[in-house]
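What follows is the structure in structure tokens.
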């Protein structure tokens, strides 16, 4: 069975907008927080120097589907799984829930990169990192179910 | 020929992150700025009271594909067109460029809603608004070309 | 002895800037989070409707002195006390610490207001709220010591 | 007569909060934007590499007094002058206005620093930079008047 990583977060005043709800761009910040907490939990830094190089994971694609608004002081549950792992990329999925109801579904694809002199280039995901990520990869059946729900 | 709306914006210090680039979540804020400037230009408010109701356009979906990083003080050109208009929804596309190079392609779908007592419900796009939006809708041929480029 | 309210918060990636540190404006967001957590802890909402009125506490003044930078993933301790309570205003002080070292000292003065039809006007702090705040008010001696340290 | 630098900026949707006004922390971002535009106008970069060193200007103190709220789509005028220049520090003052009415008064003190290996240390302001800043320094009379107004 696929492992899940769960993160809890309360909505702050500064994150709302004049419509009285969590601003749509802030879902991506919640997602990044969840992602960073997940990577910490498996012991892989998302931004680290490795001698002269910085190993980082810039995003190549993000998306969010919004189902219902979140409000000030809401306590959200963010559940992270991995949609897939490629040779150099990882696609996260974060479901945002309040009281077991889905508010949003966020996806983001990041690419393993080495940064030297301010420039990024993609590299293969190290085997040790891949081994730590694999328990969280959703099966095809689970991905199919998520789409149709 | 499809009309385009162009907006210019310089990247601010607070919008960067420790990787030295525009934080990925801030592309959505740039998109929203461009969108609001576009709606102002056609004379349709994005958030307005209409008697007891607030007419607003919450987002149901957003996505961004990142091609190259933007940096502090970069002057970006944001070019807005509409991918489609539905009965109750509008899908914007914003291409983020620097020196004619695409840095990112952002899409967002908003739904025409009436808000009463803090709750939204979707309504048909008023005919007058639809007429102002139509010149900016991309043709099928243009959408096809955008995908393959 | 003056009561203190302590809040813990980890620095997120999106909160850093290209200098590699917590952006200076984000200290005010940390302060607001701490403040909201404090008000929740004493059972007084910072933004609540009271019949037709909204009772809220807009800021009239804020300040921050920065002693040392905070960085990505730092775990900060934010310690809130009250510098003073006036007839209609409250002045919070939040000390930001990492490993018992002061990184910043933030002050903010908020005023008890009633908002009707989108306009604020100041009102006296309700006696029940005042009673809950009083244990956290610093003595003159403590305020004096804070200045000279 | 003291020179002033004026910057114009429209309030964006994402900068508002559920009270329907510009969030108090965002005044500091407006101030930084104004400051950066000012430094660009006099030809001095606020963040630049000088051989192995980064010359930057971290903040040591900020403050803001709020007089009246700003709202979505407001066009603000931000007027920058310098309160004083020290051996290593500069204190900016930015008045935020809408229709000639003061909404806020922001002050910030920055220190000229060299950053090597991720650590800052303060250095004297270069003479060429000082010469470009001096026309914007307020006289004692002006500072006195600002306090009493």
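Protein chains in written order, with our numbering: chain A, 71 to 219; chain B, 71 to 219; chain C, 71 to 219; chain D, 71 to 219.
Ideal Cβ placement from N, Cα and C applies to all residues, glycine included.
All values derive from a computational prediction rather than experimental measurement.
Proximal residues to residue i (C-beta, below 8 Å), its chain only, five neighbours per side dropped
i                      : result
residue 112 of chain A : 202 and 203
residue 78 of chain D  : 145, 146, 147 and 148
residue 200 of chain B : 155
First and last residue of the uninterrupted beta strand (DSSP E) at residue i
i                      : result
residue 173 of chain A : 171-181
residue 165 of chain D : 159-168
residue 80 of chain C  : 75-80
residue 131 of chain B : 129-136
residue 149 of chain D : 145-155
residue 123 of chain B : 123-126
residue 142 of chain C : Looking at the DSSP string, residue 142 of chain C is not in any beta strand (DSSP E), and its letter there is neither H nor E.
residue 119 of chain D : 117-120
residue 208 of chain C : Here residue 208 of chain C belongs to no beta strand (DSSP E), and DSSP marks it neither H nor E.
residue 191 of chain B : 189-192
Extent of the continuous alpha helix (DSSP H) to which residue i belongs
i                      : result
residue 100 of chain C : 96-111
residue 88 of chain D  : Careful: residue 88 of chain D lies outside any alpha helix (DSSP H) and carries neither H nor E.
residue 197 of chain B : 197-203
Own chain residues within Cβ distance below 6 Å of residue i, not counting five before or after
i                      : result
residue 179 of chain A : 130, 131, 159 and 161
residue 133 of chain B : 177
residue 124 of chain C : 185
residue 164 of chain C : 101, 104, 148, 150 and 176
Neighbourhood of residue i by C-beta, 7 Å cutoff - its chain only, sequence neighbours within 5 removed
i                      : result
residue 213 of chain D : 153
residue 193 of chain B : 158, 182, 183 and 184
residue 174 of chain D : 97, 134, 135, 136, 137 and 166
residue 108 of chain D : 75 and 150
residue 127 of chain A : 116, 180, 181, 182 and 183
residue 143 of chain D : 80 and 81
Rounded straight-line distance, which links the Cα of residue j to that of residue i
i                      : j                      : result
residue 206 of chain C : residue 74 of chain C  : 6 Å
residue 118 of chain C : residue 92 of chain D  : 19 Å
residue 86 of chain A  : residue 121 of chain B : 24 Å
residue 156 of chain D : residue 150 of chain A : 51 Å
residue 71 of chain D  : residue 211 of chain D : 11 Å
residue 209 of chain A : residue 168 of chain C : 42 Å
residue 198 of chain A : residue 114 of chain A : 9 Å
residue 139 of chain B : residue 106 of chain B : 24 Å
residue 190 of chain B : residue 89 of chain A  : 10 Å
residue 215 of chain D : residue 170 of chain D : 17 Å
residue 95 of chain B  : residue 95 of chain A  : 6 Å
residue 110 of chain B : residue 172 of chain D : 26 Å
residue 196 of chain A : residue 196 of chain B : 54 Å
residue 141 of chain C : residue 141 of chain A : 29 Å
residue 187 of chain A : residue 187 of chain D : 15 Å
Practice task
Check whether the region 90-110 of chain A touches the region 80-90 of chain C, counting contact only when three or more Cβ pairs, one atom from each stretch, lie closer than 8 Å.
Solution key: yes
Handout entry: Within 7 Å of chain B by C-beta, residues of the region 151-164 of chain C in sequence order
Key = none
Practice task
Could you list the residues in the region 82-106 of chain A with a C-beta less than 7 Å from some C-beta on chain D, going in chain order?
Solution key: 83, 84, 86, 87, 88, 90, 93 and 95
Handout entry: Against chain A: residues of the region 114-126 of chain C by CB proximity under 9 Å
Key = 115, 116 and 117
Handout entry: Interfacial residues, the region 126-138 of chain C to chain D, with Cβ spacing under 9 Å
Key = 126, 128, 129, 130, 131, 132, 133, 134, 135, 136 and 137
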